[in-house]
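Enquirer:
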Ligand SMILES: Nc1ncnc2c1ncn2[C@@H]1O[C@H](COP(=O)(O)OP(=O)(O)OP(=O)(O)O)[C@@H](O)[C@H]1O
Ligand SMILES: [Mg+2]
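Residue numbers (the working numbering): -6 to 245.
Structure below.
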């Protein structure tokens, strides 16, 4: 019997072999003498038999968030603190960030009607990934937008309405990855929501929508006085490969 640690990389039944980065992770861990394998989070696996469980591609959680969080609470030796999962699987965390002085996108929470002051806006549920149930609405689309808002609210879901940020189309969206509090690397996410397209459905694993490419994170020229220090630029970030958003991005 091997003494090497055994690690479960939690995934979902859509992706029983894990997302594409799991292959790289398993190889890297094998080089460290760690045996890692993808395990579907709701498969009834014997989690106690693993030395460590790491949440990776558990992307079906939005529809079953309570069950997912109960699972995380019950797994012994899980690397992702359940209280952090509880916090960051619901975008109402933006309120906490705003209260801490972090600049966040202006957001209307559970409004009774669609906004009239923004030329274009986004309606989305607070619990979602991959832009599921998310849409960009503009002039002349009020009735469809209203139906979207009402449908989400009638399902009892917390709803967010934000102005559409045109910088997502021009500059893109930059995801910053920190490890142990230190900036590690950045990725650029291409735009996902198309004007006039309504609810397009979630980003597919092979989609060009929302493609993720390596990026450099540059410090902001005018940081908010209360915001955390800007990340230092990535020392080197060679665009070696691209990947669809669904394969690499984690729920945020
Ligand atoms: N206010 C906005 N302005 C412009 N684009 C937006 C806005 N809100 C959302 N989007 C677009 O929709 C995508 C999905 O939105 P968001 O990241 O808020 O939710 P998500 O479904 O949780 O996605 P993720 O898989 O990144 O967690 C964003 O990556 C961005 O392309
Ligand atoms: Mg996101």
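Yeah, the Cβ is synthetic: ideal placement off N, Cα and C, and Gly gets one too.
Is it the case that the Cβ atoms of residue 52 and residue 123 are separated by a distance below 8 Å?
Expert: As a working note, residue 52 is residue 59 in the chain shown. As a working note, residue 123 is residue 130 in the chain shown. In this structure, residue 123 lies closer than 8 Å to residue 52 by Cβ.
Enquirer: Count the other C-beta atoms from every protein chain shown that fall within 10 angstroms of the C-beta of residue 177, then say buried if there are 16 or more, exposed otherwise.
Expert: Translated into positions along the chain shown, residue 177 becomes position 184. Flag for residue 177 reads exposed.
Enquirer: Which partner residues does residue 153 have in the DSSP bridge list?
Expert: Taking the chain shown and counting its residues from 1, the one referred to as residue 153 is at position 160. 102, 117.
Enquirer: Need the endpoints of the beta strand (DSSP E) that residue 208 sits in, please.
Expert: Against the chain shown, residue 208 aligns to sequence position 215. In the DSSP assignment, residue 208 falls within the beta strand (DSSP E) that extends over 205 to 208.
Enquirer: Can you find the residues in the same chain that come closer than 6 Å, C-beta to C-beta, to residue 127, ignoring five residues on each side of it along the sequence?
Expert: In the chain shown, the residue the question calls residue 127 occupies position 134. Around residue 127: 117.
Enquirer: Count the other C-beta atoms from every protein chain shown that fall within 10 angstroms of the C-beta of residue 4, then say buried if there are 16 or more, exposed otherwise.
Expert: To locate residue 4, count along the chain shown from 1; it is residue 11. Its Cβ being crowded by 16 or more others within 10 Å, residue 4 is buried.
Enquirer: Evaluate contact between the stretch 78 to 91 and the stretch 7 to 20, counting only Cβ atoms and requiring at least three cross-stretch pairs below 8 Å.
Expert: No: the two stretches stay apart, fewer than three of their Cβ pairs being nearer than 8 Å.
Enquirer: Provide the residue(s) that pair with residue 176 in DSSP beta bridges, ordered along the chain.
Expert: Residue numbering aside, residue 176 sits at position 183 when the chain shown is read from its first letter. Looking at the DSSP assignment, residue 176 forms a beta bridge with 171.
Enquirer: Might you give, ordered along the chain, the residues of its own chain that have their beta carbon closer than 6 Å to the beta carbon of residue 48, omitting 5 neighbours on each side?
Expert: Here residue 48 refers to the residue found at position 55 of the chain shown. 3, 73.
Enquirer: Let's see if you can read the secondary structure: which residues bound the alpha helix (DSSP H) around residue 193?
Expert: In the chain shown, the residue the question calls residue 193 occupies position 200. Neither: residue 193 is in no alpha helix (DSSP H) and is coded neither H nor E.
Enquirer: May I ask you to list the residues that DSSP assigns as paired with residue 182?
Expert: As a first step, residue 182 is located in the chain shown; it is residue number 189 there, counting from the start. Its beta-bridge partners are 166, 205.
Enquirer: Does the distance from the CB of residue 154 to the CB of residue 146 come in under 8 Å?
Expert: Within the chain shown, residue 154 is the residue found at index 161, counting from 1. Within the chain shown, residue 146 is the residue found at index 153, counting from 1. For residue 154 and residue 146, no; Cβs fall outside 8 Å.
Enquirer: Could you round the C-beta distance between residue 156 and residue 111 to whole angstroms and report it? I think they count as a contact, below 8 Å.
Expert: Here residue 156 refers to the residue found at position 163 of the chain shown. Here residue 111 refers to the residue found at position 118 of the chain shown. Correct: roughly 4 Å between the Cβ atoms.
Enquirer: Could you name the residues of the same chain whose beta carbon sits closer than 8 Å to that of residue 167, not counting the 5 residues immediately before and after it, in chain order?
Expert: Position 174 of the chain shown, counted from the first residue, corresponds to residue 167. These residues qualify, in order along the chain: 179, 180, 181, 182, 208, 210.
Enquirer: For residue 119, does the count of other Cβ atoms within 10 angstroms reach 16, so buried, or fall short, so exposed?
Expert: Mapped onto the chain shown, residue 119 falls at position 126. Buried, because 16 or more other Cβ atoms sit within 10 Å of the Cβ of residue 119.
Enquirer: Does at least one heavy atom of ligand 1 sit under 7 Å from the Cβ of residue 157?
Expert: On the chain shown, residue 157 is found 164 positions in, with the first residue counted as 1. Correct: residue 157 has its Cβ closer than 7 Å to ligand 1.
Enquirer: Determine the DSSP secondary structure at residue 28, reduced to helix, strand or coil.
Expert: Counted from its first residue, the chain shown places residue 28 at position 35. DSSP places residue 28 in strand when its eight states are reduced to three.
Enquirer: Please find out if some non-hydrogen atom of ligand 1 comes closer than 7 Å to the beta-carbon of residue 69.
Expert: What you label residue 69 is simply residue 76 of the chain shown in a count that begins at 1. No - ligand 1 has no heavy atom lying nearer than 7 Å to the Cβ of residue 69.
Enquirer: Give the DSSP bridge partners of residue 129, in chain order.
Expert: As a working note, residue 129 is residue 136 in the chain shown. In the DSSP output, where bridge partners are listed per residue, residue 129 has 115, 191.
Enquirer: Does ligand 1 have a heavy atom nearer than 7 Å to the CB of residue 184?
Expert: On the chain shown, position 191 is the one that residue 184 refers to. Under cutoff, so the answer is yes.
Enquirer: Do residue 45 and residue 16 have their CB atoms nearer than 8 Å?
Expert: Translated into positions along the chain shown, residue 45 becomes position 52. Translated into positions along the chain shown, residue 16 becomes position 23. Going by C-beta atoms, residue 45 is not nearer than 8 Å to residue 16.
Enquirer: How many angstroms separate the CA atom of residue 221 from the CA atom of residue 93?
Expert: Sequence index remark: in the chain shown, residue 221 carries index 228 (1-based). Sequence index remark: in the chain shown, residue 93 carries index 100 (1-based). Because residue 221 carries a pLDDT of 44, less than 50, the predicted location of this residue cannot be relied on, and the following value inherits that uncertainty. Spanning the two alpha carbons is a distance of roughly 10 Å.
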